[in-house]
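Asks: Shown below is the structure under consideration.
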Amino acid sequence: MQTEFTNETGQTGIAKCRTGIRGLDEITGGGLPRGRPTLIGGAAGCGKTLLAMEFVVRGARDFDEPGVFMAFEESEEELIANVESLGFALGTLVAQNRILLDGVRIERGEIEETGEYDLEGLFVRLGSAIAEVGAKRVALDGIDALFAALPSESIVRAELRRLFRWLKDQGVTAVITGEQGEKTLTRHGLEEYVSDCVIFLDHRMTNQVATRRLRIVKYRGSRHGTNEYPTLIDEAGFSVLPISSVSLSHHVSRERISTGIPRLDTMLGGRGYYKGSSVLVSGTSGAGKSSIATAFADGICRQGERCLLWSSEESPDQILRNMASIGFDLQPHIDRGLLVCHAVRPTLYGLENHLVSLHRLVESIRPAAVILDPITSFAAVGDTAEVKTMLTRIIDFLKGAGITALFTSLTQGAEPTQLERTDEGVSSLIDTWLLLQMVQSAGERNLDFGHFRASAGGPRGARSDGDRPD
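Residue numbers for the sequence shown follow my numbering, so the first one is 480 and each next one is one higher.
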């Protein structure tokens, strides 16, 4: 059995089996250890079965590697029905003999103990299934049920070791799921020690909002990501975002892009923002932050490029109505597919899920610009540190993709010390920061631009004329 490979640098390492699961292959350095067992642990509802099933399905569908999925808690019919909503044609793959499903029922009342307990019967059954479809991948879902009736820990340990060794001898890449114990990763606390790779899934509640995360606890013979990574389960299946691996190595553009407002372009050196940079527009309520953002979106679309407008406070229809009152007709841009309005309340789900959703929207739309209006609303989901971490990842992601990002932020209070800071704590990461103020004089209220970044007030690395247009 081939268990080694030589990478581009000439170094030898273990062979990897690509999962096809978005993000997981990246943080594992190419996939799961080929020909070795991987343990997936976690509490109920964290996505263990789905991850194991997607590994088998994608192997049969995308990599021509047939698989066996043996479940100890669900029947074949239940498994097919459960993944139907994810777009996995599991029934078709079974009919084509590319995947074999086997539901094993283990009832304590039906077990009669005679002699020593061993897994010979399981080996015969699983071996027959592997031979029937020529399986390269195997998933054992709910292994806890297999040993639940055993009173002796020594027998459990011995049979676990034998099971993992048997899987290696078969030359299959195996994924095994197990429930989390009280103080251990798994119920028996033994599986993680005999597994070559251990992945832990977590489904936690923060501020009454559920979030899912994944962590690679160990990976023998391979480098891997060690942080917690946000995960998402939706109609596309299981996704992992290796966002914390983003480094400060992205390229920057010298090209400029219009703000959509001629006088504001003049203030910024006559050419607007740097393409691919990050822009923050802050100010009190009613100062015109959304109007500045809309002008930018309108300018992008008029140039024939796409723009993603992420709204946390207004519906698309409300945005169209309100912006039409100040001369912006956005409907033609939407009809042409140049402007995509995504409106969602931040409290709908956790920060990580918002982050994953943004990644997917950007990948499907491929916009030239992204607008988040406002980022202040994310404070309802997480604390300042969590929001800052999320926004930092968004900024890095968009910069790495060369996408110009514009964020609006609500400022509380009118004192200079309150205006010249952001509650999200991301101002130091921003390339261009515009501050909008309502100035009252001669019985009138007028909009005034204050702007930060570089001594002349333009974007970082740029000169401007220092004007403050009304």
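Yeah, the Cβ is synthetic: ideal placement off N, Cα and C, and Gly gets one too.
In three-state terms, what does DSSP make of Ser836?
Replies: Position 357 of the sequence shown, counting from 1, holds the residue named residue 836. Helix.
Asks: Along the chain, where does the beta strand (DSSP E) that runs through His812 open and close?
Replies: What you label residue 812 is simply residue 333 of the sequence shown in a count that begins at 1. Premise fails: His812 lies in the alpha helix (DSSP H), 810 to 814, not in any beta strand (DSSP E).
Asks: Hey, is the segment 700 to 713 in contact with the segment 502 to 510, meaning 3+ C-beta pairs nearer than 8 Å?
Replies: yes
Asks: Give me the Cα-Cα distance between Leu851 and Leu834, rounded to the nearest whole angstrom.
Replies: Residue mapping note: residue 851 aligns to position 372 of the sequence shown, counting from 1. Residue mapping note: residue 834 aligns to position 355 of the sequence shown, counting from 1. For Leu851 and Leu834, the distance between alpha carbons rounds to 12 Å.
Asks: Taking only runs of the alpha helix (DSSP H) that begin and end inside the segment 634 to 718, which ones reach a length of at least 4 residues, in chain order?
Replies: 670 to 673
Asks: Thinking C-beta only, is Ala624 closer than 8 Å to Glu1002?
Replies: Residue coverage of the chain in this structure runs from 480 to 949, which leaves residue 1002 outside it and unanswerable.
Asks: The alpha helix (DSSP H) spanning Gly521 covers which residue range?
Replies: Indexing the sequence shown from 1 puts residue 521 at position 42. That residue, Gly521, is in no alpha helix (DSSP H); its beta strand (DSSP E) goes 516 to 521.
Asks: Count the other C-beta atoms from every protein chain shown that fall within 10 angstroms of the C-beta of Thr738, then say buried if there are 16 or more, exposed otherwise.
Replies: Here residue 738 corresponds to residue number 259 of the sequence shown, with the count starting at 1. So Thr738 counts as buried.
Asks: Nearest to Ser718 by alpha carbon, out of Gly520, Gln810, Leu913, Leu530?
Replies: For the purposes of this step, residue 718 is identified with residue 239 of the sequence shown, where counting begins at 1. Ranking the options by Cα distance to Ser718, first place goes to Leu530.
Asks: Within this structure, are the beta carbons of Ser757 and Lys647 separated by less than 8 Å?
Replies: As a position in the sequence shown, residue 757 is number 278, starting the count at 1. As a position in the sequence shown, residue 647 is number 168, starting the count at 1. In this structure, Ser757 keeps its C-beta atom at 8 Å or more from the C-beta atom of Lys647.
Asks: Could you tell me the boundaries of the alpha helix (DSSP H) in which Gly600 lies?
Replies: Position 121 of the sequence shown, counted from the first residue, corresponds to residue 600. Element bounds for Gly600: 599 to 612.
Asks: Within 10 angstroms of its Cβ, does Arg781 collect 16 or more other Cβ (buried), or is it exposed?
Replies: Against the sequence shown, residue 781 aligns to sequence position 302. Of the residues assessed, Arg781 falls on the exposed side of the cut-off, its CB having fewer than 16 other CB atoms within 10 angstroms.
Asks: Got a sec: does the ligand SAM put a non-hydrogen atom nearer than 7 Å to the Cβ of Val603?
Replies: The ligand SAM is not part of this structure, which contains no ligands at all.
Asks: By Cβ distance, which residues of its chain are closer than 6 Å to Ile740, with the 5 residues on each side in sequence left out?
Replies: The residue given as residue 740 occupies position 261 in the sequence shown. Around Ile740: Ala774.
Asks: Out of Gly806, Ile798, Thr826, state which residue places its alpha-carbon closest to the alpha-carbon of Cys820.
Replies: Position 341 of the sequence shown, counted from the first residue, corresponds to residue 820. Taking only the C-alpha atoms, the option nearest Cys820 is Ile798.
Asks: On a Cα-Cα basis, can you pick out the residue from Leu885, Val905, Ala848, Pro846 that is closest to Met869?
Replies: Mapped onto the sequence shown, residue 869 falls at position 390. It is Val905.
Asks: Under 7 Å Cβ to Cβ from Val673, same chain only, skipping five residues before and after it: list those, please.
Replies: Position 194 of the sequence shown, counting from 1, holds the residue named residue 673. Cβ neighbours of Val673 beyond the five flanking positions: Leu639, Arg640, Phe643.
Asks: Could you give the DSSP three-state label for Phe548: helix, strand or coil?
Replies: In the sequence shown, counting from the first residue as 1, residue 548 sits at position 69. The three-state reading of DSSP puts Phe548 in strand, counting E and B together.
Asks: Let me know the secondary structure DSSP gives Phe775 once reduced to three states.
Replies: The residue labelled residue 775 in the question sits at position 296 within the sequence shown. It is helical.
Asks: Which class does Lys615 belong to by DSSP, given the choice of helix, strand or coil?
Replies: Within the sequence shown, the letter at position 136 stands for residue 615. In the structure shown, Lys615 adopts coil according to DSSP, grouped into three states.
Asks: Between which two residues does the alpha helix (DSSP H) carrying Gly873 extend?
Replies: Position 394 of the sequence shown, counting from 1, holds the residue named residue 873. Before going on, a small fix: residue 873 reads as Ile here, not Gly. Here the alpha helix (DSSP H) through Ile873 covers 863 to 879.
Asks: Smallest Cα separation from Lys697: which of Ile678, Met684, Gly613?
Replies: Here residue 697 refers to the residue found at position 218 when the sequence shown is read from its first residue. The option with the nearest alpha carbon to Lys697 is Ile678.
Asks: Going by CA-CA distance only, name the one from Ile844, Trp912, Leu605 that's closest to Gly816.
Replies: Mapped onto the sequence shown, residue 816 falls at position 337. Nearest C-alpha to Gly816: Ile844.
Asks: As a quick exercise: from Val535, Ser732, Ala550, pick the residue whose alpha carbon is nearest that of Lys615.
Replies: Indexing the sequence shown from 1 puts residue 615 at position 136. Among Val535, Ser732, Ala550, the Cα nearest to that of Lys615 belongs to Val535.
Asks: Kindly list the residues whose CB is nearer than 7 Å to the CB of Ser769, restricted to its own chain and excluding five residues on each side of it in sequence; keep chain order.
Replies: Working through the sequence shown from its first residue, we reach residue 769 at position 290. For Ser769, the CB contacts under 7 Å within the same chain, skipping 5 residues up- and downstream, are Asp852, Thr887 in chain order.
Asks: In three-state terms, what does DSSP make of Leu747?
Replies: Your numbering for residue 747 matches position 268 in the sequence shown. In the three-state reduction of the DSSP assignment, Leu747 falls in the coil class.
Asks: Expressed to the nearest angstrom, what Euclidean distance is found between the alpha-carbon atoms of Ala715 and Arg824?
Replies: By one-based count along the sequence shown, residue 715 stands at place 236. By one-based count along the sequence shown, residue 824 stands at place 345. So the alpha carbons of these two residues sit roughly 21 Å apart.
Asks: Decide yes or no for the touch test of the segment 597 to 612 against the segment 556 to 571: beta carbon pairs closer than 8 Å, at least 3 of them.
Replies: no
Asks: Based on DSSP bridge pairs, tell me the residues matched to Arg845.
Replies: Numbered from 1 along the sequence shown, position 366 holds the residue referred to as residue 845. None; Arg845 has no bridge partner.
Asks: Nearest CA to the CA of Ala689: which residue from Ser607, Thr871, Thr763, Leu827?
Replies: For the purposes of this step, residue 689 is taken as residue 210 along the sequence shown, with counting starting at 1. With distances taken between Cα atoms, Ala689 lies closest to Leu827.
Asks: Identify the continuous beta strand (DSSP E) that holds Arg886 and give its terminal residues.
Replies: Position 407 of the sequence shown holds residue 886. Residue identity differs from the one stated: residue 886 is Phe in this sequence, not Arg. Residues 883 to 889.
Asks: Have a look at Leu720 and Arg501 and give me their C-alpha separation to the nearest angstrom.
Replies: On the sequence shown, position 241 is the one that residue 720 refers to. On the sequence shown, position 22 is the one that residue 501 refers to. Rounded to the nearest angstrom, the two C-alpha atoms are 8 Å apart.
Asks: DSSP on Lys495, reduced to helix/strand/coil?
Replies: Taking the sequence shown and counting its residues from 1, the one referred to as residue 495 is at position 16. Lys495: strand per DSSP, three-state reduction.
Asks: State the DSSP-derived secondary structure class of Gly508, mapped to helix, strand or coil.
Replies: Taking the first residue of the sequence shown as 1, we reach residue 508 at position 29. Coil.
Asks: Let me know if Pro512 comes out buried or exposed under the rule of 16 or more other beta-carbons within 10 Å of its beta-carbon.
Replies: For the purposes of this step, residue 512 is taken as residue 33 along the sequence shown, with counting starting at 1. If you draw a 10 Å sphere on the C-beta of Pro512, you find 16 or more other C-beta atoms in it, and that means buried.
Asks: When the Cα atoms are used, what is the spatial distance from Thr593 to Leu830?
Replies: Counting from one through the sequence shown, the residue named residue 593 turns up at place 114. Counting from one through the sequence shown, the residue named residue 830 turns up at place 351. Reliability fails at Thr593, whose pLDDT of 47 lies under 50, so the model's placement of it is uncertain and no value is given.
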